[in-house]
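For the record, the sequence lines run as chains G and V.
For the first sequence, the working numbering assigns the number 1 to the initial residue and increments by one for each residue that follows.
For the second sequence, the working numbering assigns the number 150 to the initial residue and increments by one for each residue that follows.
The beta-carbon is built from N, C-alpha and C at its ideal position, and this holds for glycine as well.
Owing to the predicted nature of the structure, the values given are computational and were not obtained by experimental measurement.
So the structure is just underneath, and the comments pick up after that.
Protein chains: 2
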Amino acid sequence: MGKTDTSVKMDRLNECLENKGLKSTRQRHFIAEVFFKTTTHINLEELLKKVKRKMPRVGYATVYRTMKLLTECGFAIERQFGDGQTRFENLPDGGHHDHMICVKCSKIVEFQNQMIEDLQIETARKLGFEVLRHKLELYGYCKGCAAKG
Amino acid sequence: MGKTDTSVKMDRLNECLENKGLKSTRQRHFIAEVFFKTTTHINLEELLKKVKRKMPRVGYATVYRTMKLLTECGFAIERQFGDGQTRFENLPDGGHHDHMICVKCSKIVEFQNQMIEDLQIETARKLGFEVLRHKLELYGYCKGCAAKG
DNA sequence: AATCTAAATGATAACAACTTTCATTTTCAT
DNA sequence: ATGAAAATGAAAGTTGTTATCATTTAGATT
C-alpha cells in the first residue's frame, strides 16, 4: 500500500506553500488535513468545530484564511447553495461535477454529464464566450421525498 | 397601441395583492413599476436609489419587503452570482434562461438551450430526482475581454 | 365625510457571515 | 541562538439581510 490520498495532497500543499514563500505551520497543516478528509460540502463553522476537537485554540480567522489559501491553490472549491453560507468541497479526483439539491431534506447528490458540459461550451462559443468554469445546480425532490409526497 | 408591458404587469400585481388581502399602497406600486422597467440584474441598493429619485422618503426595508413580495408572486427571480449580493431579475417573457458571466468585465449575457434543459431532467431522473428548477451559470471571458487577452 | 382597525411604512436595531486589524507568537533563514 | 517576516488568535469592523416598533395610511364601516 502506497501513500494515502490525503498524504499525497499534503505533499502537494507543502510544495505550493514553498512556491508562494509561505510558512509551514502546524495549524495550516492540521486544518488542511481535516479538510482533505471531508467528503461533504462543509462550511467554516463545521470545519472549525472539527479542527477544535484536536486543536482547541485555533480561531475562526485561521480556518477562514486557510480555506482561502486552499481555494487559491486549487485544493478546494467554494460553493453557494443559496442559504447564505459558503461551503467548501474537495477538488474531486474524477474531475468536475455538478449538484442536485433536495428542496425538502437538503440532501446533496453529485453528478456528472459530459454531454451537458459540451453543450455549454458550444452554446457559449456561439455567443462569443470562452468558458472557464461553470456552476449547475438542480433543485427538486430526491427519491425519498418524491415518494412521500 | 395597447397596454404597455409594465401596465399589464401592474394590473396582474393588483390582482395578486387583492387575492392575498394586501393593501395597495403608493410605495408598492412605485417600487414595482421601477422594477418592472429594469432589464438588468439589479440589487436592493441600486433599486432603492432609483426609487428614491422620485420618492426620496422610501426606506430600504420597504424595497426589501416589496421585492420579497414580488418574488413570492412570481414577478421577480432572486439570483446570486457569488459576490455576496442578491440580485433580482424580471420574470422573462420568453421563459427560463441561464447566464454567462464575464469574470473580467462582469458583463452578464442570458441564454437558453432546450437540449441542456432536457439533459438535466433526464440525468436527474436516472438518479431518482425530480427537478423543480435549476441554476446554470457559465463563467469565463466575453467576446471583448477574450480578444484583449 | 368622519371614524376605526388592521396593515404598511420608515427608521433603526439586531443579526449572521465574512473580512480586517493588531498585539503576540512562531517559523525559518542566518 | 537570534532576528525579521509571517502567522495566529481574539476581537472589532464590514456588509448585506431580516426583525422590531412607533407612526402613518388604506380602505372598510359607520
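Proximal residues to residue i (C-beta, below 7 Å), its chain only, five neighbours per side dropped
i	result
V/K158	F185, F224
V/R175	none
V/V200	F179, I180, V183, V207, V212
G/C16	C73
V/R177	T215
C-beta neighbour in chain V for residue i, strict 8 Å
i	result
G/K143	yes
G/F111	yes
G/H97	no
G/F88	no
G/Q85	no
G/Y64	no
G/T123	yes
G/G21	no
G/M100	yes
G/Y139	yes
G/L91	no
G/A146	yes
Other residues of its chain near residue i: CB distance less than 6 Å, five sequence neighbours each side excluded
i	result
V/L202	The question names Leu, but residue 202 of chain V is Arg in the sequence shown. Result list for V/R202: empty, nothing under 6 Å.
G/L136	D98
Residue from the options whose Cα sits closest to the Cα of residue i
i	options	result
G/E110	V/R236, V/T211, V/K275, V/K152	V/K275
G/I108	G/D98, G/Q114, G/T86	G/D98
V/M282	V/I226, V/A296, V/K152	According to the sequence as given, residue 282 of chain V is Arg; it is not Met. Of the listed residues, the one whose Cα sits closest to V/R282 is V/I226.
CB contact below 8 Å: residue i versus chain G
i	result
V/F179	no
V/H190	no
V/Q263	no
V/G223	no
V/L268	yes
V/Q176	no
Supposed close pair residue i, residue j - CB separation, criterion 8 Å
i	j	result
V/H190	V/E238	5 Å
G/Q80	V/G231	6 Å
G/S7	G/N14	11 Å between Cβ atoms; not a contact.
V/M204	G/L119	V/M204 to G/L119, Cβ: 45 Å. No contact.
Contacting residues, own chain, Cβ-Cβ under 8 Å from residue i (five flanking each side not counted)
i	result
V/L196	I180, V183, F184, T187, V212, M216, F237
G/I121	V131
V/T272	none
Touch check for the stretch 92-104 of chain G and the stretch 140-148 of chain G: three-plus C-beta pairs under 8 Å?
yes
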